[in-house]
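Here's the structure, in structure tokens; my notes come after.
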Ligand SMILES: [Zn+2]
């Protein structure tokens with residue numbers, strides 16, 4: 890008696906046109922150390938603060954809620970994706 894397995898390997902499919910464009914953008918050359926979103930390839934970043942105040946005409950910074958998150962993913966998908974430089978962290982000596 891042959892039972893059908895519960896899990897099977899799915900062959901890799903071709904990328905959709907949208908996925909192909911995103912992969913092409915992520916593979917484009919960039920200066921060393923420039924941060925880039927690992928999901929969409931965007932290079933615009935956001936820092937979100939809460940509790941900023943104006944004291945004597947000057948803006949006083951508040952608590953940082955998110956730092957270096959992708960602006961494109963935040964705007965279009967409403968998620969906070971941390972951007973990376975693609976470089977490995979220096980080894981502790
Ligand atoms: Zn992104």
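In this note's numbering, the protein residues as written are 890 to 982. Backbone N, C-alpha and C fix where the C-beta goes; we use that ideal spot for every residue, glycine too. What you are looking at is a predicted structure, and each value in this text was computed from that prediction instead of being measured.
- For residue 955, there is no enclosing alpha helix (DSSP H); the enclosing beta strand (DSSP E) has its first and last residue at 952-959.
- Rounded to the nearest angstrom, the Cβ distance from residue 974 to residue 922 is 5 Å, consistent with a contact under 8 Å.
- Contact between the region 906-919 and the region 947-965 is absent: fewer than three C-beta pairs spanning the two stretches fall below 8 Å.
- Look at residue 970: its beta carbon is less than 7 Å from one of the heavy atoms in ligand 1.
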